[in-house]
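The opening position of the sequence shown corresponds to residue 6 in the numbering used here, with each subsequent residue numbered one higher.
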Amino acid sequence: DAELDVLVTGLSSLTDTWRNRAQGRFLVQPAEDYELRVFMTRPRLPRDHPFVQELGNLYGFPGGHHRHWEFVQADAIMRVTVRIDWSEAGAGQLVEVPRPHGIEDFSADPSILDDLDFPLVDVFGQMRSKDWPGKVTSKDELREDGAADRAFAAAATVGAERSPYGGYAGGPRLDATGFFRVEQIDGKWWFVDPDGYLFWSVGGNSMARGGVTRVTGRERLFPEGFSGDVNAYIDNLKVKYGESDWESAHTDVTLGRMLDWGMNTVGAWSAPELGAAEKVPYTLIVHTFKDGIGDVGKIPDPYSDRFRQSLHENLNRLAGDHAESPWLLGVFIHNELEWKGGIELSEKSLAGPPNSPARQAAIAYLRERYENIGLLNEAWGTDFENFDAIRPGTSTRDAYSEDLTEIMENFAAKYFQVCRDAMREFFPNHLYLGGRFNNFHPIVTRAASRYCDVVSANLYHYDVSAFSMATDESRPLLIGEFHFGIGDFGHWGRGLRAAKDARNQADLFRAYMGDALRHPNMVGAHWFAWSDQAVTGRFDGENFGVGLVSIVDRPHTKLIEALRETSTDAYRIRLGK
């Protein structure tokens, strides 16, 4: 009666096995004959391809062409591996797995532009050429949904054994401080809610907002009369609840759904009305001016007064409404900064103009380390006339690498220290939730562990059970984003991790959340995103089928069942009961 956990990997290179691969994870039930179909991401299309010219710079196109850091050459698969985990089997049980085998010859999707049915989407933003259960066909259906969802939301309550904040009222109660904090208990990290109950964060990103898609220049994709920018999700809500009070009705329904589904955190980039209602804990995210380091445009210069001023202004702007709120879980500062590997940021800092604060800080460090330029030249094997003449990339000696590593360590520490100090000034009662890493430079993650209350990371993995990063101090880890995308509802974009279908998506949600709940450092995980993205792409071209709800605000049933079941059992799983 053991469930099998199966990871399938297809490789089109035996040297670059991290990038040239396609993966899928599947949960197979006892005695089940289950077809494992892996979505194979093909290379990104060139700008002159007819799909790009006609549809725009989307993330996902017909045929599996996708903007992604992983892709395979579909006609050159060199190896397929199947990893089967039967750890759920009890001691002494026999697990018999018939030989896995292929079922058919592989063939790539041959779709061309002329195969598409224009306009692509209907008046509700749904793909016209595909049908599925729950697809809306009339405005009357949306209005009926609105009446039913209002009644549903009015009856929603906090789940059993839950504190008002969504903490575990059935477990131990610690000191009540009136604000969220973190504690390590019996080797596991936890949030502790304002009333002193253990709290594990189950959240979502971009909640209740939808997103705009561009019509201008792509009119052929849309029904007649569409123009400018369109937010189909919001337009559908206006039909569903009426123009006059759709915002308040949608806020109430979203909060009711969260309570019923067991979600206890409003994640980043969500509608502010959700946090203001003081029914569910929420987070804030702050972005700042970024000076840029060399040609690395998405890293702020932490030595810059302009960065510090921008950070203080943005935190101060939020503090008036939020600094005293017990419902605020914490504050993220930035998202997925482009921390480079090795000593690249140090070299970019040294390559900057003389008035660059980052260059000035690097030169100041070298002046302090070496009494005079002669000693530096001797160590580096260089012939600079003075410290102001120092340029990067001029030495291959160990001393050069060691010094630039130290400059990188100083840079990272300065960044997190400035952010931490600003949080202490404007939000002294709240948690600094870090910067939502999507890469893990060990120098940077170690610095984060010294200054962040909680380190956050966007982990688009199939399995996070063994995830780790370099740290100087044990810290709680909050997963800022994860998802598994599907094409069941007309989307070409399958997200950053793909699922076979709605059943597989729900299975992957359960497995991922189970991994995270059992991980000693993980204190929460937030799904990205609340609603499906537009089939025709948001502002940057993302067109992923990754929502908890559809573009017409209908919940995706299998995924919500998995969310509700996992949330109900979350604290028992975390506590090993």
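Glycine included, each C-beta is placed from N, C-alpha and C at the ideal position.
Check, Outcome
"If you follow the alpha helix (DSSP H) that Gln98 is in, where does it begin and where does it stop?", "Here Gln98 belongs to no alpha helix (DSSP H), and DSSP marks it neither H nor E."
"Smallest Cα separation from Pro55: which of Asp119, Gly107, Asp80?", "Asp119"
"Do Trp535 and Met132 have their beta-carbon atoms positioned less than 8 Å apart in this structure?", "no"
"What is the DSSP secondary structure of Tyr420, reduced to helix, strand or coil?", "helix"
"Rank Trp23, Glu166, Leu19 by C-alpha distance to the C-alpha of Arg577 and give the top, closest one.", "Glu166"
"Quick one: what's got a C-beta closer than 8 Å to Lys243's C-beta in the same chain, skipping five residues either side?", "Trp251"
"Please give me, in chain order, every unbroken run of the alpha helix (DSSP H) with length at least 4 that falls completely inside the segment 264-324.", "277-281"
"So what does DSSP say about Glu329, is it helix, strand or coil?", "coil"
"Within 10 angstroms of the Cβ of Glu547, are there 16 or more other Cβ atoms? Answer buried if so, exposed if not.", "buried"
"Would you tell me roughly how many angstroms separate the C-alpha atoms of Thr410 and Ile348, rounded to the nearest one?", "6 Å"
"Less than 7 Å separating the Cβ of Glu229 from some heavy atom of the ligand ATP?", "Ligands displayed in this structure: none; no statement on the ligand ATP is therefore possible."
"Starting from the C-beta of Glu407, find all residues in its chain whose C-beta is less than 7 Å away, skip the five residues before and the five after it, and write them out in chain order.", "none"
"Smallest Cα separation from Ile368: which of Asn391, Glu383, Ala384?", "Asn391"
"Using the Cα positions of Pro447 and Met413, report the straight-line distance between them to the nearest angstrom.", "11 Å"
"Rounded to the nearest angstrom, how far is the Cβ of Gly272 from that of Asn321, given a contact under 8 Å?", "Going by Cβ atoms, the distance from Gly272 to Asn321 rounds to 23 Å, so no, they are not a contact pair."
"If we ignore side chains and look at the alpha-carbon of each, how far apart do Glu101 and Arg26 end up?", "28 Å"
"Hey, could you find the ends of the beta strand (DSSP E) Ala462 is sitting in?", "460-463"
"Scan the segment 125-192 and note each continuous beta strand (DSSP E) run of 3 residues or more that stays entirely inside, going in chain order.", "186-190"
"For Val85, count the other beta carbons within 10 Å of its own beta carbon; 16 or more makes it buried, fewer makes it exposed. Which is it?", "exposed"
"For Glu283 and Arg429, I'd like the C-alpha separation in whole angstroms.", "23 Å"
"Measuring alpha carbon to alpha carbon, tell me which residue in Arg502, Glu37, His466, Glu59 is nearest Gly222.", "Glu59"
"Tell me the rounded alpha-carbon separation between Val540 and Phe445.", "32 Å"
"Taking buried to mean at least 16 other C-beta atoms within 10 Å of its own C-beta, is Lys582 buried or exposed?", "exposed"
"How would you call Gln34, buried or exposed, if buried means at least 16 neighbouring beta carbons within 10 angstroms?", "exposed"
"Tell me whether the segment 519-537 and the segment 548-558 touch, counting them as touching only if at least three CB pairs, one residue from each stretch, are closer than 8 Å.", "yes"
"Suppose you measure from the CA of Thr14 to the CA of Pro67; what does that come to, to the nearest Å?", "22 Å"
"Between the segment 223-238 and the segment 66-83, do at least 3 Cβ pairs fall closer than 8 Å?", "no"
"On the three-state DSSP scale, how would you describe Ile117?", "coil"
"Please work out which residues of its chain come closer than 8 Å, Cβ to Cβ, to Arg402, disregarding the five sequence neighbours upstream and downstream, and give them in chain order.", "Ala384, Trp385, Gly386"
"Between Tyr287 and Thr270, how many whole angstroms is the CB-CB distance? I'm expecting something under 8 Å.", "7 Å"
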